[in-house]
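Some notes on the structure that comes next.
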Ligand code: GLN
């Protein structure tokens, strides 16, 4: 008999869609990762690391050089003091960072507030920590929250809240007023906020990324998780990090020490080349993604698919409710892979409310890949079974 916890979640639908896409040779716009190379500086640094090392364990908390460069970069952006020895932990992707953060603050049966739609890992993070999620809806089309509903969730005695900003999957970028309200509640109820800010550099004008930790009083309560995956197009390197108050990081270090020991040493070394980039790199990244967004959304318009415009990140939720002949969105996505040759993620992987209304595409792909996907998608409606 295997453990009971396995009954409370399934494998990741996002990653399952990638496996099905590969099987049918579909264009994979499901799991969000680029099909283009990382910056050449990182590739060069990786070659150097292959020749010169390190090849053995790094310091468990992350290499000194990595933590110093990261602290310098994030301190400027987040406008808080970051001591590389006391406030930084390097993890195996933001996935480990989030799991580690939840395990560090939650006791069994503690409540964790999660906005719905949410990135699917958060539900599993809570279950694996024996915590109980309280879902608060983000309401389309702006995906803002109802203040009273959020307050009511805090009033249930939540130990922590998870905030994905910019949001995967809906592309919401939380504005100052919304973040101030979250901060006000977190301070009033002494609740930790675990943020997932992996799309911090993928923001579309006029929206701006505001770090929750930068708001007054929030440096002590915010556990800022992020990763290098999306910022440097290195999702396979599995490099993430946590930035938080020393007392929280000390706890996270204990969990991380026994969960994974540490992130891959040669990859940490090579990634330092990216952490040393200047502001131009990040501006260019945002520009590149805003061109991809423009191309993909214009293509969806031409095909007549309706969607919510993302303000940040690289996902778009498309509304399939008016033409989905299948019982579920999973069946729709399986059909889409097999018959149209494009993979998406069924929206039910992200929504607590099982509505089967949406599917999620990502557009972190070369222009040519996006054009081919759009051309295939233009046949979607005529191929639908009646
Ligand atoms: N963030 C990516 C997505 O939502 C997937 C990341 C992962 O699979 N670890 O598609």
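In this note's numbering, the protein residues as written are 4 to 389. Note that CB positions come from ideal geometry on N, CA and C, so glycine has one too. Owing to the predicted nature of the structure, the values given are computational and were not obtained by experimental measurement.
Excluding the 5 residues flanking residue i on each side, which residues of the same chain have their C-beta closer than 6 Å to its C-beta?
i, result
"residue 309", "322"
"residue 177", "168"
"residue 267", "none"
"residue 348", "17, 20, 33 and 363"
"residue 299", "366 and 373"
"residue 306", "380 and 381"
"residue 128", "101, 102 and 105"
"residue 74", "85, 87 and 91"
Taking the continuous alpha helix (DSSP H) assigned at residue i, which residues delimit it?
i, result
"residue 300", "282-306"
"residue 105", "96-108"
"residue 226", "From DSSP, residue 226 is part of no alpha helix (DSSP H) but of the beta strand (DSSP E) over 225-230."
"residue 77", "67-81"
"residue 87", "Where residue 87 is concerned, there is no enclosing alpha helix (DSSP H), given that its DSSP letter is neither H nor E."
"residue 261", "249-262"
"residue 376", "370-380"
"residue 188", "179-192"
Alpha carbon to alpha carbon, how far is residue j from residue i? Give it in angstroms, no decimals.
i, j, result
"residue 41", "residue 296", "19 Å"
"residue 345", "residue 32", "7 Å"
"residue 82", "residue 216", "9 Å"
"residue 171", "residue 5", "32 Å"
"residue 25", "residue 241", "21 Å"
"residue 315", "residue 256", "30 Å"
"residue 210", "residue 55", "42 Å"
"residue 375", "residue 70", "40 Å"
"residue 109", "residue 207", "34 Å"
"residue 140", "residue 51", "47 Å"
"residue 319", "residue 76", "29 Å"
"residue 204", "residue 289", "6 Å"
"residue 304", "residue 377", "10 Å"
"residue 336", "residue 130", "26 Å"
"residue 43", "residue 243", "20 Å"
"residue 148", "residue 47", "45 Å"
"residue 22", "residue 188", "41 Å"
"residue 232", "residue 134", "27 Å"
"residue 221", "residue 371", "43 Å"
"residue 99", "residue 265", "10 Å"
"residue 179", "residue 311", "21 Å"
"residue 246", "residue 226", "6 Å"
"residue 111", "residue 97", "22 Å"
"residue 11", "residue 113", "17 Å"
"residue 64", "residue 271", "11 Å"
"residue 324", "residue 302", "19 Å"
Here's a check: name, in chain order, each residue in its chain whose Cβ is nearer than 7 Å to the Cβ of residue i, leaving out the five neighbours to either side.
i, result
"residue 352", "16, 17 and 123"
"residue 107", "251, 254, 255 and 258"
"residue 72", "275, 278 and 279"
"residue 58", "268 and 269"
"residue 386", "342 and 343"
Quick check on residue i: does DSSP put it in helix, strand or coil?
i, result
"residue 212", "coil"
"residue 217", "helix"
"residue 141", "strand"
"residue 319", "strand"
"residue 199", "strand"
"residue 44", "helix"
"residue 387", "coil"
"residue 134", "coil"
"residue 4", "coil"
"residue 310", "strand"
"residue 325", "coil"
"residue 29", "coil"
"residue 238", "helix"
"residue 147", "strand"
"residue 57", "coil"
"residue 279", "coil"
"residue 273", "helix"
"residue 206", "strand"
"residue 330", "coil"
"residue 52", "helix"
"residue 129", "helix"
"residue 346", "strand"
Here's a check: name, in chain order, each residue in its chain whose Cβ is nearer than 8 Å to the Cβ of residue i, leaving out the five neighbours to either side.
i, result
"residue 158", "192"
"residue 45", "235, 237, 273, 274, 276 and 277"
"residue 152", "139 and 140"
"residue 119", "138, 139, 140, 141, 353, 354, 355 and 356"
Counting along the chain, where does the beta strand (DSSP E) carrying residue i start and finish?
i, result
"residue 173", "No beta strand (DSSP E) contains residue 173, which DSSP labels as neither H nor E."
"residue 365", "361-365"
"residue 244", "243-246"
"residue 118", "114-119"
"residue 161", "161-167"
Measuring only between beta-carbons, confirm whether residue i sits less than 8 Å from chain B.
i, result
"residue 298", "Protein chain content of the structure displayed is limited to a single chain, and chain B is not contained in it."
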